[in-house]
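Read through the structure below, which is laid out as C-alpha cells, and then see the notes.
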Amino acid sequence: MAAVNTTYGVVAITLVAVATIGIGAFGLRISRTTSDFYVASRSVSPVLNSSAIGGEYLSAASFLGVAGLVLSTGAEALWFPIGWTTGYLLLLVLVAAPLRRSGAYTIPDFAQVRLQSGAVRTVATLLVIGVGWLYLMPQFQGAGLTMRTVTGAPPWVGTVLVAVIVMVNVVSGGMRSITFVQAFQYWLKLTALLVPVFFLVHAWTSDGSPPPVASSDWIQPFGEPDAESMYRIYSVMVATFLGTMGLPHVVVRFYTNPDGRAARRTTLIVLALLGTFYLLPTIYGVLGRIYASDLIADHRADAVVLELPSRLLGGTTGELLGALLTAGAFAAFLSTSSGLTMSIAGVVGQAMSHRAGMSNITAIRWAAVGGVVVPLVLALSAERIAVASSVTFAFALAASTFCPLLVLGIWWRGLTAPGAIAGLIGGGLCAGVAPVITIWTRPEGWFGLLAEQPAAWSVPIGFALMIGVSLATRHRLPADVSRTMVRLHAPEGVDLQR
Amino acid sequence: MTPDPDTDPRTGRVRITSPLTTASPHVRRTVQQEIDESTGIGEVYVRSLVRSQLRAALTVITTLMLTLGALPIVFWLLDDLNTLELWGIPLPWIVLSVAVYPGLFLLGWLYVRQAERSERDFAALLSPTLVWPPPEEPWRP
Chain A
1 MAAVNTTYGV
11 VAITLVAVAT
21 IGIGAFGLRI
31 SRTTSDFYVA
41 SRSVSPVLNS
51 SAIGGEYLSA
61 ASFLGVAGLV
71 LSTGAEALWF
81 PIGWTTGYLL
91 LLVLVAAPLR
101 RSGAYTIPDF
111 AQVRLQSGAV
121 RTVATLLVIG
131 VGWLYLMPQF
141 QGAGLTMRTV
151 TGAPPWVGTV
161 LVAVIVMVNV
171 VSGGMRSITF
181 VQAFQYWLKL
191 TALLVPVFFL
201 VHAWTSDGSP
211 PPVASSDWIQ
221 PFGEPDAESM
231 YRIYSVMVAT
241 FLGTMGLPHV
251 VVRFYTNPDG
261 RAARRTTLIV
271 LALLGTFYLL
281 PTIYGVLGRI
291 YASDLIADHR
301 ADAVVLELPS
311 RLLGGTTGEL
321 LGALLTAGAF
331 AAFLSTSSGL
341 TMSIAGVVGQ
351 AMSHRAGMSN
361 ITAIRWAAVG
371 GVVVPLVLAL
381 SAERIAVASS
391 VTFAFALAAS
401 TFCPLLVLGI
411 WWRGLTAPGA
421 IAGLIGGGLC
431 AGVAPVITIW
441 TRPEGWFGLL
451 AEQPAAWSVP
461 IGFALMIGVS
471 LATRHRLPAD
481 VSRTMVRLHA
491 PEGVDLQR
Chain B
1001 MTPDPDTDPR
1011 TGRVRITSPL
1021 TTASPHVRRT
1031 VQQEIDESTG
1041 IGEVYVRSLV
1051 RSQLRAALTV
1061 ITTLMLTLGA
1071 LPIVFWLLDD
1081 LNTLELWGIP
1091 LPWIVLSVAV
1101 YPGLFLLGWL
1111 YVRQAERSER
1121 DFAALLSPTL
1131 VWPPPEEPWR
1141 P
C-alpha cells in the first residue's frame, strides 16, 4: 500500500517538475553568454544567492535522511545536521571572501590561479567529478525510494525521472536559471517540512504526548559510550566540518557574488537558513520513533518523513500534507542534483573545450549528459545504504583533497604545485578507496569502521602530504605568490594591481 | 671668546655648501606603490592584513573546538548530564538539535564584523580618502 495518496503524490511531483523546468525556461531567455551559463554573470544579490545556496545544499540527505537516521540511531544522528551547518561557518572564516576574490570559476580554476600549474588543474578536475558522482548517487537513490513510497512504482522510475529532469534543466538553461530554481526550492523545502509539523505535533499532543519507546543508547548522544562511537562522531565532524568547503556545487556558488564582502554576507545568511531548516527533521525522527518504528526493520527509515502524515493524521489532511512533503523531497533531489551536475559540467566542459576545441556551451551540455549518466548507472546498480551516511563519503573525499588545497592555498605562501598534487592524490586515494571497500565488501569491526568513516585519518594525510611535499620542493614556489596574496585578500574597493 | 669663523666678517670667509643637485629628491611613496611593486614595505602591509584575517579565523576555529568539539567528551565523561531534562526533553537533545544553531550564527556574525573591520583599516591605510565599505550600504547580513 502506498503511504501517500498516489494521485496527490503524482500531482505534487508533477507540479515541482513543471515549476522547475518552467523557472528554468524563464532563465533561459536571459542566459545567453558563456558567463551567464557558468556563474549567472556574477550579479546575484546576497539574499537570492543564499536562498539558492540553501536550496542547493539541502539535499535528500537533509530532507529525508536526517529524520531517518534519528529514527534508527537516535541522538547520534544529530551530529550530521550540526556538521553540515558548521561546514558553512568554516567555509565563511577560511575561504569565502578569498575564494571569490581569486576571480576563478571552479576549484580547478583556483588551483590554476594560485599555483600556475596545468597538472594540478587536471587532478582537481578529476576529483570534482569523483566528489560529484559520490554525492549524486544517493540523491538518485532517494528519488527512487520516494517514488516507491508514493506510487508503489519500482525504485528505478523515480531515479530515472529525476536524472532526466536535471539533464533537461542543466542542458537548456545553465546557472542563471539554476539560481532561480534553487532559491525557489529552498523556500519550498522549508514550507513543506514546516507546515506538517504543526499538524503532526497537534495530533501527538491530542494522543496524550506518548514518549518515544527507546533504549538509553537511542537517547544518549552516541550509541554506547565506547571508543568506536567516539571515533565515529569525531570522524563525521571532520568530514562535514571540512568537506563542505570542497563540494563542487557549493564552491561554484561563491563566484556568483559581486565581491568578497558579499560572499561573506551570503554565507552568513546561509548559516541562518540552514539553522532554521535543521530544527525540523529531528521532530519527524522522534515522532517516527513513536508511530513508525517498524520502518527500521523494513530498511525504509529514510521514508519516515513521507509516511508520518498518513499514519498520524490520516484522511484528506494526511494525504494533502503527504503530497506537500513529497513535493519538498522532490525539490530536494532536483535542486541538489542540478547544482552538482552544473558544477561537474562546468569543470569538465572547460577542460573539453580547451582540448577538443568545441564551443564552451556545447562542451558544457555534453559534460552535463555524462555527469548524470554515470551516477545514474551507479545508483541503479549499487546496494542501498542510508542516504545520510552515504553522502558522508562525498564529504570525506572533499575534506581530504579540496579542503587542504583551499586552506593552504589561501593562507600559506609555501604551497607548491608538486605539494598540491601529492596531497590531492594521496588524500583522494585514501578517502576514495574507503567507500569502495565499504559498499562492496562490508568489513566488520575496527577496520570496517575506519573504512566507513575515513575522514579522521584521510584528512590529516591530505594535509601532511601537501605540507611535507611543498616544503621539500621549495624551489618550485610560484614566482608571483605575493601578487596572488594581494589578489586573494585585499578588499575590492582599494586600487591595487591584482 | 672666539668669533664664529663662518660669520665673522673680519675673516672674509664665505661658507660654500653643496646644493645636492645630483642626489635623488625625497619623494613620498604611497602604500599602493609599495604593494604594487612588491617592495619589502608593501609585503609587510599585505602580510599584516592576511595575519589579522587568519587570527580572526583561528579564533572562531578554537571556539568551535572548545565548545562543539568538546561536547561528545563532556557527554561521555559527565554521564549525569544525559539524564537531565528540560521541559521533559533530555538536555543533550536540546543542546544538539536546537541550541547549537543560534550559537553558530552568532560566531559567524562576530567573525564577519571583525573581518570587515580589518579590511576597512587596510583600505584606510592605502587611501585615506576612500570610504570602504561604501556608506550607503550599512552593515546588514
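Which chain is which? The protein sequence lines are A and B, in order.
When we follow my numbering, the leftmost residue of the first sequence carries the number 1, and every step to the right adds one.
When we follow my numbering, the leftmost residue of the second sequence carries the number 1001, and every step to the right adds one.
Glycine included, C-beta positions come from ideal geometry on N, C-alpha and C.
What you are looking at is a predicted structure, and each value in this text was computed from that prediction instead of being measured.
Pairwise C-alpha distance: residue j and residue i
i                 : j                 : result
Ala40 (chain A)   : Ala1057 (chain B) : Residue confidence is low: Ala40 (chain A) scores 49 on pLDDT, short of 50, so the model does not pin down where it sits. Its coordinate-derived value is still stated next. In a straight line, the C-alpha of Ala40 (chain A) is about 29 Å away from that of Ala1057 (chain B).
Phe199 (chain A)  : Phe1105 (chain B) : 29 Å
Ala2 (chain A)    : Thr149 (chain A)  : At Ala2 (chain A) the pLDDT is 48, less than 50, meaning the model places this residue with poor confidence; the figure from the coordinates comes in the next sentence. Their backbone Cα atoms lie some 6 Å apart in a straight line.
Thr191 (chain A)  : Val201 (chain A)  : 16 Å
Thr362 (chain A)  : Val373 (chain A)  : 17 Å
Pro418 (chain A)  : Ala239 (chain A)  : 24 Å
Phe241 (chain A)  : Gly315 (chain A)  : 42 Å
Ser1153 (chain B) : Tyr255 (chain A)  : This structure gives no information on residue 1153 (chain B), because the portion of chain B shown stretches from 1001 to 1141.
Thr503 (chain A)  : Gly423 (chain A)  : Residue 503 (chain A) is absent from the structure shown; chain A starts at 1 and stops at 498.
Met175 (chain A)  : Leu1086 (chain B) : Below a pLDDT of 50, predicted positions are generally treated as unreliable, and Met175 (chain A), at 49, falls in that range; the measurement from the model is reported next regardless. The alpha-carbon atoms of Met175 (chain A) and Leu1086 (chain B) are separated by roughly 46 Å.
Leu115 (chain A)  : Thr122 (chain A)  : 12 Å
Ser31 (chain A)   : Ile425 (chain A)  : Annotation note: pLDDT 48 at Ser31 (chain A) (below 50); position unreliable, no value reported.
Val18 (chain A)   : Ile364 (chain A)  : 23 Å
Leu1078 (chain B) : Ala303 (chain A)  : 35 Å
Thr151 (chain A)  : Trp1093 (chain B) : 35 Å
Val197 (chain A)  : Ser206 (chain A)  : 14 Å
Met125 (chain A)  : Gln1053 (chain B) : According to the sequence displayed, residue 125 (chain A) carries Thr and not Met. Going from the Cα of Thr125 (chain A) to the Cα of Gln1053 (chain B) covers about 29 Å.
Asp1102 (chain B) : Thr438 (chain A)  : Reading off the sequence, residue 1102 (chain B) comes out as Pro, not Asp. Each residue's alpha carbon lies about 36 Å from the other.
Arg474 (chain A)  : Pro46 (chain A)   : 40 Å
Thr34 (chain A)   : Ala96 (chain A)   : Low per-residue confidence applies at Thr34 (chain A): pLDDT is 49, beneath 50, and the placement is therefore not dependable enough to give any value.
Ser310 (chain A)  : Ile290 (chain A)  : 14 Å
Under 8 Å between C-beta atoms of residue i and residue j
i                 : j                 : result
Val131 (chain A)  : Ala398 (chain A)  : yes
Gly229 (chain A)  : Glu76 (chain A)   : First, the residue type needs correcting, since residue 229 (chain A) is Ser and not Gly in the sequence shown. The answer is yes: Cβ separation under 8 Å.
Pro138 (chain A)  : Ser338 (chain A)  : no
Met485 (chain A)  : Val1046 (chain B) : yes
Tyr88 (chain A)   : Leu274 (chain A)  : yes
Trp411 (chain A)  : Val236 (chain A)  : no
Val270 (chain A)  : Ser117 (chain A)  : no
Pro435 (chain A)  : Phe393 (chain A)  : yes
Met167 (chain A)  : Val369 (chain A)  : yes
Val11 (chain A)   : Ala329 (chain A)  : no
Val494 (chain A)  : Leu1126 (chain B) : yes
Gly74 (chain A)   : Ile219 (chain A)  : yes
Leu1107 (chain B) : Thr1063 (chain B) : yes
Ala276 (chain A)  : Trp84 (chain A)   : The amino acid at residue 276 (chain A) is misidentified as Ala; the sequence shows Thr. Not a contact, by the Cβ cut-off of 8 Å.
Leu306 (chain A)  : Leu313 (chain A)  : no
Tyr1111 (chain B) : Val1060 (chain B) : yes
Thr416 (chain A)  : Gly371 (chain A)  : no
Among the options, the one whose alpha carbon lies nearest that of residue i
i                : options                                : result
Leu287 (chain A) : A:Pro212, A:Ala104, A:Trp133, A:Ile364 : A:Pro212
Asp298 (chain A) : A:Val93, A:Ile129, A:Phe110, A:Leu145  : A:Leu145
Pro454 (chain A) : A:Val305, A:Arg476, A:Gly427           : A:Gly427
Arg232 (chain A) : A:Gly468, A:Ala451, A:Leu471, A:Val469 : A:Ala451
Trp156 (chain A) : A:Ala420, A:Phe140, A:Val168           : A:Phe140
Arg300 (chain A) : A:Leu69, A:Thr7, A:Thr20, A:Ala52      : A:Leu69
Leu325 (chain A) : A:Trp457, A:Met147, A:Leu247, A:Arg483 : A:Met147
Ala367 (chain A) : A:Phe447, A:Ala111, A:Val170           : A:Val170
Trp187 (chain A) : A:Pro81, A:Trp204, A:Ala327, A:Val120  : A:Ala327
Phe184 (chain A) : A:Arg311, A:Asn257, A:Val16            : A:Val16
Trp457 (chain A) : A:Val433, A:Asp480, A:Trp440           : A:Val433
Residue i CB to nearest heavy atom of the ligand HEM below 7 Å
i                : result
Phe402 (chain A) : Annotation note on the ligand HEM: not contained in the displayed structure, which lists no ligands.
* To do: May I ask you to verify whether the segment 54-68 of chain A touches the segment 269-284 of chain A, counting CB pairs closer than 8 Å and requiring at least 3?
  => yes
* To do: Flag this pair as touching only if the segment 362-378 of chain A and the segment 95-102 of chain A have three or more C-beta atom pairs under 8 Å; answer yes or no.
  => no
* Is it true that the segment 463-474 of chain A meets the segment 392-408 of chain A, where meeting means three or more beta-carbon pairs spaced less than 8 Å apart? -> yes
* Given 8 Å as the limit, is there contact between the segment 258-265 of chain A and the segment 340-359 of chain A, that is, 3 or more CB pairs closer than that? -> no
* Would you list, in chain order, the members of the segment 455-485 of chain A that have their beta-carbon closer than 8 Å to a beta-carbon of chain B? => Ser482, Arg483, Met485
* Of the residues that make up the segment 1044-1062 of chain B, which ones have a beta carbon closer than 9 Å to any beta carbon in chain A? -> Val1046, Arg1047, Leu1049, Val1050, Gln1053, Leu1054, Ala1056, Ala1057, Leu1058, Thr1059, Val1060, Ile1061
* Asked: Quick one: any contact between the segment 328-344 of chain A and the segment 79-95 of chain A, if contact means 3 or more CB pairs under 8 Å?
  -> no
* Listed in chain order, which residues of the segment 1098-1112 of chain B have Cβ atoms closer than 8 Å to some Cβ of chain A? -> Val1098, Val1100, Tyr1101, Pro1102, Leu1104, Phe1105, Leu1107, Gly1108, Trp1109, Tyr1111, Val1112
* Cβ-based contacts, 8 Å cut-off: residues of the segment 91-108 of chain A near chain B -> Leu92, Val93, Leu94, Ala97
* Anything in the segment 1071-1087 of chain B with a Cβ closer than 7 Å to a Cβ of chain A? List those residues in chain order, please. => Pro1072, Phe1075, Trp1076, Asn1082
* For the segment 402-421 of chain A, which residues have a beta carbon sitting closer than 7 Å to at least one beta carbon of chain B? -> Trp411
* Return the residues of the segment 1113-1126 of chain B that lie within a Cβ-Cβ distance of less than 7 Å from chain A, sorted by chain order. => Ala1115, Glu1116, Glu1119, Phe1122, Ala1123, Leu1126
* Scan the segment 62-76 of chain A for residues whose Cβ lies nearer than 7 Å to a Cβ of chain B and list them as they occur along the chain. => Ala75
* chain B contacts from the segment 271-295 of chain A (Cβ-Cβ distance under 7 Å) -> Leu271, Ala272, Gly275, Tyr278, Leu279, Thr282
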